[in-house]
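Undergrad: In the numbering used here, the protein residues as written are 51 to 233.
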Ligand SMILES: [Ca+2]
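1. Rounded to whole angstroms, what's the CA-CA distance from residue 173 to residue 132? Just pull it up for me.
2. Going by beta-carbon coordinates alone, are residue 84 and residue 62 separated by less than 7 Å?
3. Near residue 71, what residues of its chain come up, given a Cβ to Cβ distance below 6 Å and the 5 sequence neighbours on each side ignored?
4. On a Cα-Cα basis, can you pick out the residue from 81, 163 and 55 that is closest to residue 92?
5. Look up residue 68 in the DSSP assignment and say whether it is helix, strand or coil.
6. Taking DSSP as the reference, what is the three-state secondary structure of residue 62?
7. In the structure shown, what three-state DSSP assignment does residue 107 receive?
8. Got a sec, what are the start and stop residues for the beta strand (DSSP E) residue 55 sits in?
What follows is the structure, encoded as structure tokens:
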């Protein structure tokens, strides 16, 4: 279970529970719940069930539409502060980590960046994506390298304060490691 505090229209606790359903690979059920705290007891405000598919190994509470109420962001979908589905990122499947913030200050609103996960030789359609956090529209979609399927945030590294404008390969370059001192 993942837990995080949020400010929906008062302080609340957000919980995320994930259970595997059946034996089919990739089938999970996600239960999100918002709990209000009155200083003594928790009262469930709403629940949201994502009945199938997958999610990320992370949860972020962020006001994606900047209306003053926190929303609940998973890596491939967002639930509004009232517990209704806001969007699903088209084609996004599963990953470990994602980030949401004002990644491009010159662009209005917030943006997200997510890295998808490859497991057991099962590849996602694209290794990473950069998206509009309010709508889920993919703005840049990472391309997969031909030589390796390992995805990494270094695929989007840029020396420019602006994010890359063209798809980049999702693999990281090989780097040499310093030799360990001999004893
Ligand atoms: Ca909001």
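Glycine included, each C-beta is placed from N, C-alpha and C at the ideal position.
If you're wondering where the values come from, they're calculated on a predicted model, not measured in any experiment.
TA: Short version:
1. 34 Å
2. yes
3. 77 and 79
4. 55
5. strand
6. strand
7. coil
8. 52 to 57
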